[in-house]
Amino acid sequence: MSISYVDVGADLRRIVIAGRLDMPGTESVASQLIELAGAPKKAVIVDLTALKFLASIGIRALISCAKEVHKRGGKMVLVVNKASTVTMSLEATGVDELIPVFASVSDAEQAALV
Amino acid sequence: MPSRLRSSDPRASAEGGSSSADELTVRADGEEVRRASTWLDAACRERGVPPALVDRLVLCLNEVLANVIVHGGAGALAQPIGLVLEVTADPHGGLAGVTVSDAGVAFDPRSVAPRALPKSLEEASSGGLGLVMIRRHADWLEYRNQGGRNHVTFGARWKSP
């Protein structure tokens, strides 16, 4: 399980989560995720392309994050591998309709900075 | 802890079908959820359950176990959780069912009314997503309370191509 980030210019932060957002995985990164998304950036991309599994506890962490970013007037988007179980989880819970989802980082960057 | 094979040799039926079961016992904590997932994934694949269905079953298992650990109370945390995988297959397709038994507070997941998906981020609540996930991914969901334990069974079926 790993979480890292890269700042792209002054306005955008890309957070990359790899591993499994199941119960132990989410518990190990949730506070760091909220902290990283809390930076005063206009836009936050959460890159889940290296994520192998997304349970509801992980989805709750993503929702909390997106709410925090929205509260400060920012925008959060996700990057996912479309043919993955991560997409399956996002679609099952309808979260893909609440947090914009993209297949590529470049598309996500463009959309996040609009 | 290695899993215990209840019926290691699938029984051949007159229709050319087979049926087998596998069991595992886990403690009620987060790390054990991962061990249970690994077990279910391997046991399903070994029995020829299609990969897409395996992913759905593993998701459901995670949600059922998380529910036991978070909401089951002291009884759930003090007693082992039992897992049973039963797979029945014939040339036309098959069924894979997973039963999770725990000693926590009695809870029938079918008693919770399905709710509409949230229409906005602000509307999205932090609770109930696990049940949404189970209902979406399981082809069936059953419940019984027997011997002071909850027995939740969920499963998926497939047709051979």
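Chains as they are written, first to last, in my numbering: chain F, 63 to 176; chain D, -8 to 152.
Ideal Cβ placement from N, Cα and C applies to all residues, glycine included.
Item checked: Collapsed DSSP secondary structure at F/Gln94 in the structure displayed -> helix
Check: Using a C-beta to C-beta distance shorter than 8 Å, which residues of chain F count as neighbours of D/Glu54?
Finding: Ala117, Ser118
Notebook entry, point to check: If we cut at 7 Å on Cβ distances, does D/Leu120 have a partner in chain F?
Noted result: yes
Notebook entry, point to check: Since D/Gln137 is in the beta strand (DSSP E), which residue starts that stretch and which ends it?
Noted result: 131 to 137
Notebook entry, point to check: Quick one: what does DSSP say D/Ala147 is sitting in, helix, strand or coil?
Noted result: strand
Notebook entry, point to check: Considering only residues of the same chain and omitting the five flanking positions on each side of D/Leu48, which have a CB-CB separation below 7 Å?
Noted result: Leu31, Cys35, Ala87, Val89, Ala147
Note to self: For a cutoff of 7 Å on Cβ pairs, would you count F/Asp73 as touching chain D?
What the structure shows: no
Next item on the list: Inspect the CB distances between the segment 66 to 74 of chain F and the segment 95 to 110 of chain F and report whether three or more fall short of 8 Å.
Entry: Yes: the two stretches touch, three or more of their Cβ pairs being nearer than 8 Å.
Item checked: Sub-7 Å separation of F/Ile107 and F/Arg76 beta-carbons -> Yes, they are a contact pair.
Margin query: So if DSSP puts F/Phe187 in a beta bridge, which residue, or which two residues, is it bridged to?
Written below: No information on residue 187 of chain F is available, as it lies outside the stretch 63 to 176 that chain F covers here.
Next item on the list: Give a yes or no on whether 7 Å exceeds the smallest Cβ distance from F/Met138 to chain D.
Entry: Closer than 7 Å: no.
Check: Do the CB positions of D/Leu112 and F/Leu160 come within less than 7 Å of each other?
Finding: It is a contact, given that the beta carbons lie within the stated cut-off.
Next item on the list: Identify each residue in the segment 150 to 163 of chain F for which the Cβ-Cβ distance to at least one residue of chain D is less than 9 Å, and report them in chain order.
Entry: Met150, Ser151, Glu153, Ala154, Thr155, Gly156, Val157, Glu159, Leu160, Ile161
Checklist line | Interface positions of the segment 18 to 37 of chain D facing chain F (Cβ-Cβ less than 8 Å), listed along the chain | finding: Gly21, Glu22, Val24, Arg25, Ser28
Check: Below 7 Å between beta carbons: does that hold for D/Ala94 and D/Gly66?
Finding: yes
Notebook entry, point to check: Taking 7 Å as the CB-CB cut-off, is F/Ile77 touching chain D?
Noted result: no
Notebook entry, point to check: Is the shortest distance between the beta-carbon of F/Val99 and the beta-carbons of chain D less than 7 Å?
Noted result: With the sequence shown as reference, residue 99 of chain F is identified as Ala, and Val is not the correct amino acid for it. Answer no: the Cβ-Cβ gap between F/Ala99 and chain D never drops below 7 Å.
Item checked: Range of the contiguous beta strand (DSSP E) that encloses F/Leu74 -> 74 to 83
Checklist line | Unbroken alpha helix (DSSP H) run spanning F/Gly120, endpoints | finding: 118 to 133
Check: If we ignore side chains and look at the alpha-carbon of each, how far apart do F/Val163 and D/Val61 end up?
Finding: 29 Å
Check: In whole angstroms, what separates the C-alpha of D/Ala129 from that of F/Leu140?
Finding: 26 Å
Notebook entry, point to check: Which one of F/Met85, F/Asp109, F/Lys114 has the shortest CA to CA distance from F/Ala170?
Noted result: F/Asp109
Next item on the list: Look up F/Asp158 in the DSSP assignment and say whether it is helix, strand or coil.
Entry: helix
Check: Counting along the chain, where does the beta strand (DSSP E) carrying D/Gly84 start and finish?
Finding: 84 to 93
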